[in-house]
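A.B. asks: For the sequence shown, the residue numbers in the working numbering are 33 to 461. In this text, a Cβ means the ideal position worked out from N, Cα and C, and glycines have one as well. Just dropping this structure here.
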Amino acid sequence: MSSPLRIAIAGLGTVGAGTLKIVQQNAALLAARGGRAIEVVAVSMRDANKKRDVKLDGIRVEKDARALASASDVDVVVETIGGDEGIAREMVEAALNNKKHVVTANKALIAKHGLALAALAEKQGVVLAFEAAVAGGIPIIGALRSGLAANRILRIAGILNGTCNYILTTMQREQRDFADVLADAQKLGYAEADPSFDVDGIDTAHKVAILTSLAFGTAPNVSAVHVEGIRRISIADIEYAASFGYRIKLLGIATMEDGKLLQRVHPCLVPSASPLGVIDGPFNAVQVEGDAVGRVVFEGRGAGGGPTGSAIVADILAIARGDSYPPFTVATNQLLQATPAPLDAHQGSYYLRLSLKDEPGVLAEFTRAFAAEKISVHSITQRAIAADASAQVIVLTHQTNEAAVARAAKRIAELPISVAAPVVLRIEN
Ligand SMILES: NC(=O)c1ccc[n+]([C@@H]2O[C@H](COP(=O)([O-])OP(=O)(O)OC[C@H]3O[C@@H](n4cnc5c(N)ncnc54)[C@H](OP(=O)(O)O)[C@@H]3O)[C@@H](O)[C@H]2O)c1
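Structure, rendered in structure tokens:
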């Protein structure tokens with residue numbers, strides 16, 4: 033057997049510690065699968081006195097994570113510190129410059145600086161791997177890179193943030209509103225003290241940008257992702273959606289439309305019994321449509337030390353075997369610069385909840401707004417009288433376009449019969 037592959041782990045929190053445990057617990061099978069022993073030689077963390085459930089016997093502890101990037105006894109640097117700037121970016125760049133392979137779980141870093149880092153890795157002839165950066169334990173990056181590589185990818189859609197899925201699922205199951213469930217999720221440690229990264233869709237956007245690049249062979253472009261979060265989702269909309277056979281999910285979606293790339297993150301209605309509709313709690317799922325394979329769905333745990341560590345160790349094993357590939361599968365100088373598709377032109381069906389005065393003649397008034405925009409209505413249902421005495425009317429449309437729906441919603445909001453602006457949600461069938 034060849035010499036051991038020597039690993040340094042920067043950051044010993046949830047993911048770093050999870051990775052170390054897998055390497056230690058599964059040492060024999062990893063050595064067999066990688067063709068050589070995997071040995072953690074050094075780690076780094078911020079607070080060396082913090083109690084951690086890990087065994088560090090025989091492992092060097094460096095105060096400064098940057099030392100790992102230049103250590104002569106390290107072949108692979110695993111970055112699990114986080115953040116798209118500062119120490120994480122500095123040490124990843126330094127490690128690549130020192131011709132060390134890098135494995136990271138850091139989606140923010142890869143989404144924002146992945147192209148430059150990939151170019152550097154290619155130049156230095158080393159691997160930059162980030163299976164753990166998207167959907168935790170689900171091997172979606174490996175699947176796009178190899179198992180599905182024969183396909184022209186038509187669409188990729190996923191539940192990529194476990195915190196949001198947990199919040200939406202709990203709102204539905206326990207009939208509680210967003211703020212209430214978020215506060216509990218923070219107490220339980222499912223959501224960060226500053227939840228905006230998760231609930232405002234930013235984390236999902238980072239993951240979409242990475243998946244899009246691998247799926248469509250385009251340069252990652254996170255600034256082109258249209259992003260909406262879940263703060264505006266109410267229990268009323270979750271219940272009305274359910275009554276029509278839908279669930280509300282935060283999806284990250286990428287499609288190529290007329291040669292233009294549309295990347296979007298937003299809450300939407302998906303059929304309750306569909307592969308994404310049934311994903312509950314903190315789980316993640318990714319649905320890929322390829323021209324040859326058809327639809328493939330992956331589901332599993334998107335976070336936590338075990339699942340994320342599983343993805344990191346898979347990348348380490350590929351390095352142990354000598355697998356070598358450009359980080360985004362296609363060499364950086366071959367990645368396409370896709371023109372972003374305007375969301376306004378997006379075709380789809382829509383859910384609108386109108387809050388209207390409960391008086392005769394309102395139906396004729398608001399349906400004129402749909403007619404004026406040539407929007408074909410699938411159904412109109414009056415559901416209830418809300419606490420503010422407004423009639424809650426749910427309109428589901430047939431296929432139409434985003435801009436027309438936005439104009440119709442604006443017209444309705446301006447009508448004297450309108451009590452509040454319509455809630456508009458996209459339907460993904
Ligand atoms: N948590 C998940 O389930 C998950 C899933 C997928 C991807 N990720 C990604 O994985 C990365 C790590 O996430 P995490 O949840 O494991 O974070 P975490 O639990 O907060 O751990 C971060 C670690 O980095 C260490 N650290 C911070 N600043 C440092 C510095 N200047 N020098 C050395 N070490 C430093 C911390 O040290 P101390 O322990 O001493 O504070 C801690 O051990 C992030 O990029 C995250 O987005 C996480």
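With a threshold of 8 Å, are at least 3 pairs of Cβ atoms found where one atom belongs to the region 176–195 and the other to the region 222–232?
C.D. replies: Yes: the two stretches touch, three or more of their Cβ pairs being nearer than 8 Å.
A.B. asks: Considering only C-alpha positions, which residue in the set Phe-315, Leu-243, Asp-96, Arg-205 is nearest to Arg-296?
C.D. replies: Ranking Phe-315, Leu-243, Asp-96, Arg-205 by Cα distance to Arg-296 puts Leu-243 first.
A.B. asks: Looking at the unbroken alpha helix (DSSP H) that takes in Asn-197, where does it start and where does it end?
C.D. replies: Unbroken alpha helix (DSSP H) run through Asn-197: 194–206.
A.B. asks: Do Ile-262 and Ile-270 count as a contact pair if the criterion is CB distance below 8 Å?
C.D. replies: Contact: no.
A.B. asks: Could you name the residues of the same chain whose beta carbon sits closer than 7 Å to that of Ala-418, not counting the 5 residues immediately before and after it, in chain order?
C.D. replies: Around Ala-418: Ser-387, Gln-424.
A.B. asks: Taking Met-245 as part of the alpha helix (DSSP H), name the residues at either end of that continuous run.
C.D. replies: The sequence given here places Ser at residue 245; Met does not occur at that position. Ser-245 -> alpha helix (DSSP H) spans 234–248.
A.B. asks: Quick one: grab the DSSP three-state call for Tyr-272.
C.D. replies: Reduced to three states, the DSSP call for Tyr-272 is helix.
A.B. asks: Please specify which runs of the beta strand (DSSP E), each continuous and at least 3 residues long, are wholly inside the region 338–395, giving them in chain order.
C.D. replies: Counting only runs of 3 or more, we get 379–389.
A.B. asks: Can you tell me the Cβ-Cβ gap for Phe-360 and Ser-245, rounded? I've got them flagged as a contact below 8 Å.
C.D. replies: Indeed, because the Cβ distance is near 5 Å, the residues count as touching under 8 Å.
A.B. asks: Sorry if obvious, but does the Cβ on Asp-347 come closer than 7 Å to a heavy atom of ligand 1?
C.D. replies: Incorrect: Asp-347 has no Cβ contact closer than 7 Å to ligand 1.
A.B. asks: Spatial neighbours of Leu-62 within its chain, please: CB distance less than 6 Å, with the 5 preceding and 5 following residues excluded, ordered by chain position.
C.D. replies: Closer than 6 Å at Cβ, skipping near neighbours: Ile-70.
A.B. asks: Please report the distance separating the alpha-carbon of Val-73 from that of Lys-83.
C.D. replies: When rounded, the distance between both Cα atoms is 20 Å.
A.B. asks: Any heavy atom of ligand 1 closer than 7 Å to the Cβ of Gly-313?
C.D. replies: Not so, every heavy atom of ligand 1 lies at least 7 Å from the Cβ.
A.B. asks: Can Leu-141 and Val-159 be called in contact, C-beta distance under 8 Å?
C.D. replies: Result no, Cβ atoms of Leu-141 and Val-159 do not sit closer than 8 Å.
A.B. asks: Please list, in chain order, all residues of the same chain as Gly-334 whose beta carbon is under 6 Å from its beta carbon, the five residues on each side excluded.
C.D. replies: Answer for Gly-334: Ala-167, Gly-168, Gly-194, Asn-316, listed in chain order.
A.B. asks: Contact between the region 345–352 and the region 132–151: three or more CB pairs below 8 Å?
C.D. replies: These segments touch.
A.B. asks: Using a Cβ-Cβ cutoff of less than 7 Å, which residues in the same chain neighbour Arg-65 once the five nearest sequence positions on both sides are dropped?
C.D. replies: Here the set comprises Leu-349.
A.B. asks: Mapping the DSSP letters down to three states, classify Ile-262 as helix, strand or coil.
C.D. replies: Ile-262: coil per DSSP, three-state reduction.
A.B. asks: Does the region 108–121 come into contact with the region 41–59, if we say contact requires no fewer than three beta-carbon pairs (one atom in each stretch) closer than 8 Å?
C.D. replies: Result yes; three or more Cβ-Cβ pairs closer than 8 Å.
A.B. asks: Does the region 362–371 come close enough to the region 244–258 to have 3 or more Cβ pairs within less than 8 Å?
C.D. replies: Output reads yes: the region 244–258 touches the region 362–371.
A.B. asks: Taking only heavy atoms of ligand 1 into account, decide whether any of them is closer than 7 Å to the Cβ of Ser-76.
C.D. replies: Yes, since a heavy atom of ligand 1 falls inside the 7 Å radius drawn around the Cβ of Ser-76.
A.B. asks: Can the beta-carbon of Cys-300 be found closer than 8 Å to that of Ile-459?
C.D. replies: Yes, these two residues count as a Cβ contact at 8 Å.
A.B. asks: According to the Cβ coordinates, are Gly-284 and Val-231 closer than 8 Å?
C.D. replies: In this structure, Val-231 does not lie closer than 8 Å to Gly-284 by Cβ.
A.B. asks: Exposed or buried, what is Gln-379 when buried is set at 16 or more other beta-carbons lying within 10 Å of its beta-carbon?
C.D. replies: Gln-379 is exposed by the Cβ-count criterion.
A.B. asks: In the DSSP assignment, what residue or residues form a beta bridge with Ile-188?
C.D. replies: Paired residues: Ala-286, Val-320.
A.B. asks: Name the one or two DSSP bridge partners that Ile-280 has.
C.D. replies: Paired residue(s): Leu-301.
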